[in-house]
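One point on numbering: in this note's numbering, the residue at position 40 of the sequence shown is 46, and numbering is uninterrupted. The beta carbon of each residue, even a glycine, is placed where N, CA and C say it ideally should be. For reference, the structure discussed in these notes is given below.
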Amino acid sequence: MNAVPTSGSNDVSAVDFEESAIYGSLSLFLNNVILWKHYIDDIFSIWGGSFESFIAFHNFLDRSWPGLRFTIAYDQSRINFLDTVVIKNPDGSISTDINTKNTDRNSLLHFDSFHPVSMKSSIPKAQLQRFRRIVSDDTTRDVRVQKMESKFKERGYPQSILNVLDQHILMKHRANLTGLPLSIPITLSHT
(Lines of atoms letter the chains of each structure in order from A and count residues from 1; the text may use other names and numbers.)
(Lines give C-alpha, C1' and ligand atoms only; values in the text may rest on other atoms or scores of the structure.)
Protein backbone atom coordinates (compact mmCIF):
# COMPACT_ATOMS: atom_id res chain seq x y z
CA MET A 1 0.00 0.00 0.00
CA ASN A 2 1.07 3.53 -0.59
CA ALA A 3 -0.40 6.48 1.24
CA VAL A 4 -0.45 9.47 -1.04
CA PRO A 5 -1.27 12.81 0.54
CA THR A 6 -3.33 15.18 -1.55
CA SER A 7 -3.47 18.94 -1.11
CA GLY A 8 -4.33 20.12 2.38
CA SER A 9 -3.04 17.02 4.15
CA ASN A 10 0.52 18.11 4.87
CA ASP A 11 -0.02 17.96 8.63
CA VAL A 12 -1.05 14.30 8.70
CA SER A 13 1.30 12.06 10.66
CA ALA A 14 1.55 8.30 10.41
CA VAL A 15 1.05 8.00 14.17
CA ASP A 16 -2.17 10.04 14.14
CA PHE A 17 -3.49 8.11 11.19
CA GLU A 18 -2.62 4.68 12.60
CA GLU A 19 -4.02 5.47 16.04
CA SER A 20 -7.36 6.52 14.61
CA ALA A 21 -7.87 4.37 11.52
CA ILE A 22 -5.96 1.17 12.27
CA TYR A 23 -5.74 0.76 16.04
CA GLY A 24 -8.60 3.01 17.12
CA SER A 25 -11.66 1.71 18.90
CA LEU A 26 -13.77 2.36 15.80
CA SER A 27 -11.62 0.22 13.50
CA LEU A 28 -13.77 -2.64 12.27
CA PHE A 29 -10.82 -4.35 10.65
CA LEU A 30 -8.22 -4.60 13.43
CA ASN A 31 -8.75 -8.34 13.91
CA ASN A 32 -7.70 -8.94 10.28
CA VAL A 33 -4.52 -6.84 10.44
CA ILE A 34 -1.87 -9.44 11.31
CA LEU A 35 1.06 -7.14 10.57
CA TRP A 36 1.24 -3.41 9.84
CA LYS A 37 4.62 -1.79 9.15
CA HIS A 38 5.37 1.45 7.40
CA TYR A 39 8.35 3.33 6.11
CA ILE A 40 7.54 6.95 5.27
CA ASP A 41 4.58 6.55 2.87
CA ASP A 42 4.96 2.84 2.09
CA ILE A 43 3.01 0.32 4.14
CA PHE A 44 3.52 -3.42 4.37
CA SER A 45 0.63 -5.35 5.82
CA ILE A 46 -0.34 -8.98 6.20
CA TRP A 47 -4.09 -9.45 6.05
CA GLY A 48 -5.87 -12.32 7.78
CA GLY A 49 -9.35 -11.79 6.39
CA SER A 50 -11.05 -12.49 3.08
CA PHE A 51 -10.24 -10.69 -0.16
CA GLU A 52 -13.60 -8.91 0.05
CA SER A 53 -12.84 -7.65 3.55
CA PHE A 54 -9.42 -6.46 2.34
CA ILE A 55 -11.06 -4.36 -0.38
CA ALA A 56 -13.52 -3.02 2.21
CA PHE A 57 -10.52 -2.16 4.43
CA HIS A 58 -8.86 -0.31 1.54
CA ASN A 59 -12.07 1.67 0.93
CA PHE A 60 -12.28 2.38 4.68
CA LEU A 61 -8.70 3.71 4.69
CA ASP A 62 -9.41 5.95 1.71
CA ARG A 63 -12.33 7.51 3.60
CA SER A 64 -10.65 7.65 7.03
CA TRP A 65 -8.48 10.72 6.62
CA PRO A 66 -9.44 13.64 4.37
CA GLY A 67 -6.84 14.24 1.67
CA LEU A 68 -5.04 10.91 2.11
CA ARG A 69 -5.47 8.27 -0.59
CA PHE A 70 -4.14 4.73 -0.71
CA THR A 71 -3.01 2.65 -3.65
CA ILE A 72 -2.70 -1.07 -3.12
CA ALA A 73 -0.71 -3.94 -4.52
CA TYR A 74 -1.68 -7.36 -3.32
CA ASP A 75 -0.84 -10.96 -4.02
CA GLN A 76 -1.32 -14.20 -2.12
CA SER A 77 2.20 -15.50 -2.77
CA ARG A 78 4.63 -12.59 -3.25
CA ILE A 79 4.72 -8.83 -2.84
CA ASN A 80 7.33 -6.12 -3.34
CA PHE A 81 8.06 -3.74 -0.50
CA LEU A 82 10.79 -1.16 -1.06
CA ASP A 83 13.91 -3.14 -2.05
CA THR A 84 12.54 -6.45 -0.75
CA VAL A 85 10.33 -9.16 -2.23
CA VAL A 86 8.39 -11.01 0.47
CA ILE A 87 7.44 -14.53 -0.64
CA LYS A 88 4.95 -16.90 0.96
CA ASN A 89 6.32 -20.39 0.34
CA PRO A 90 4.05 -23.41 -0.32
CA ASP A 91 4.68 -24.67 3.23
CA GLY A 92 3.41 -21.34 4.66
CA SER A 93 6.84 -20.02 5.64
CA ILE A 94 8.06 -16.62 4.49
CA SER A 95 11.26 -15.91 2.59
CA THR A 96 12.72 -12.70 1.21
CA ASP A 97 14.69 -11.69 -1.86
CA ILE A 98 16.03 -8.50 -3.40
CA ASN A 99 13.47 -6.50 -5.38
CA THR A 100 15.02 -5.31 -8.63
CA LYS A 101 12.92 -3.26 -11.01
CA ASN A 102 12.77 -4.23 -14.68
CA THR A 103 14.23 -0.83 -15.55
CA ASP A 104 17.26 -1.32 -13.28
CA ARG A 105 20.53 -0.40 -14.93
CA ASN A 106 24.08 -0.68 -13.71
CA SER A 107 24.41 2.80 -12.24
CA LEU A 108 27.02 1.90 -9.63
CA LEU A 109 29.75 4.47 -9.08
CA HIS A 110 32.60 3.77 -11.50
CA PHE A 111 35.86 2.85 -9.80
CA ASP A 112 37.74 5.36 -12.00
CA SER A 113 35.76 8.25 -10.48
CA PHE A 114 37.59 10.83 -8.40
CA HIS A 115 35.96 9.76 -5.14
CA PRO A 116 38.21 8.59 -2.29
CA VAL A 117 39.30 4.95 -2.60
CA SER A 118 37.93 4.23 0.88
CA MET A 119 34.49 5.33 -0.27
CA LYS A 120 34.64 3.31 -3.48
CA SER A 121 35.79 0.25 -1.52
CA SER A 122 32.91 0.60 0.92
CA ILE A 123 30.21 0.48 -1.76
CA PRO A 124 30.65 -3.22 -2.59
CA LYS A 125 30.80 -4.03 1.10
CA ALA A 126 27.56 -2.19 1.79
CA GLN A 127 25.80 -3.82 -1.15
CA LEU A 128 26.95 -7.30 -0.19
CA GLN A 129 25.85 -6.72 3.42
CA ARG A 130 22.46 -5.59 2.11
CA PHE A 131 22.11 -8.78 0.06
CA ARG A 132 23.14 -10.86 3.03
CA ARG A 133 20.53 -9.18 5.26
CA ILE A 134 17.64 -9.29 2.79
CA VAL A 135 17.98 -12.56 0.85
CA SER A 136 16.89 -15.34 3.20
CA ASP A 137 17.80 -18.34 1.01
CA ASP A 138 21.54 -19.03 0.83
CA THR A 139 21.44 -20.43 -2.74
CA THR A 140 19.45 -17.47 -4.04
CA ARG A 141 21.74 -15.11 -2.16
CA ASP A 142 24.81 -16.62 -3.80
CA VAL A 143 23.26 -16.07 -7.26
CA ARG A 144 22.39 -12.45 -6.40
CA VAL A 145 25.89 -11.79 -5.04
CA GLN A 146 27.51 -13.20 -8.20
CA LYS A 147 25.34 -10.92 -10.34
CA MET A 148 26.22 -7.92 -8.16
CA GLU A 149 29.93 -8.76 -8.37
CA SER A 150 29.61 -8.81 -12.18
CA LYS A 151 28.09 -5.34 -12.05
CA PHE A 152 31.00 -4.10 -9.95
CA LYS A 153 33.48 -5.64 -12.39
CA GLU A 154 31.70 -3.86 -15.27
CA ARG A 155 32.25 -0.61 -13.38
CA GLY A 156 35.99 -1.24 -13.00
CA TYR A 157 36.21 -2.54 -9.43
CA PRO A 158 39.33 -4.66 -8.94
CA GLN A 159 38.89 -8.34 -8.10
CA SER A 160 41.10 -7.88 -5.02
CA ILE A 161 38.45 -5.68 -3.37
CA LEU A 162 35.66 -8.08 -4.28
CA ASN A 163 37.60 -11.14 -3.02
CA VAL A 164 38.26 -9.61 0.37
CA LEU A 165 34.61 -8.63 0.67
CA ASP A 166 33.44 -12.12 -0.24
CA GLN A 167 35.42 -13.55 2.62
CA HIS A 168 34.39 -10.80 5.05
CA ILE A 169 30.65 -10.65 4.33
CA LEU A 170 29.68 -14.09 3.16
CA MET A 171 31.33 -15.87 6.06
CA LYS A 172 29.30 -13.90 8.61
CA HIS A 173 26.19 -15.57 9.90
CA ARG A 174 23.05 -13.82 8.64
CA ALA A 175 21.71 -13.29 12.17
CA ASN A 176 24.83 -11.27 13.01
CA LEU A 177 24.02 -8.84 10.18
CA THR A 178 20.28 -8.50 10.75
CA GLY A 179 20.02 -8.74 14.50
CA LEU A 180 16.98 -10.94 13.87
CA PRO A 181 16.47 -14.68 14.18
CA LEU A 182 16.81 -16.55 10.90
CA SER A 183 13.19 -17.73 11.04
CA ILE A 184 11.90 -14.16 10.68
CA PRO A 185 13.48 -12.61 7.55
CA ILE A 186 11.88 -9.15 7.93
CA THR A 187 14.37 -6.38 7.20
CA LEU A 188 12.46 -3.29 8.28
CA SER A 189 11.11 -2.46 11.69
CA HIS A 190 9.65 0.98 12.21
CA THR A 191 7.49 1.91 15.15
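The beta-bridge partner set that DSSP reports for Ser51 consists of Trp42. In the DSSP assignment, Phe63 falls within the unbroken alpha helix (DSSP H) covering 57-70.
Burial is judged here by how many other beta carbons sit within 10 angstroms of a residue's own beta carbon; Thr109 has fewer than 16 and is exposed. Per DSSP, the continuous alpha helix (DSSP H) segment holding Arg150 begins and ends at 144-160. Between Phe60 and Asp89, the alpha-carbon positions lie close to 24 Å from each other. Counting other Cβ atoms within 10 Å of its Cβ, Leu41 stays below 16 and is therefore classed as exposed. With a threshold of 16 other beta carbon atoms within 10 Å, Leu74 meets it and is buried. In this structure the segment 132-143 lies against the segment 96-110, because at least three pairs of beta carbons, one per stretch, are closer than 8 Å.
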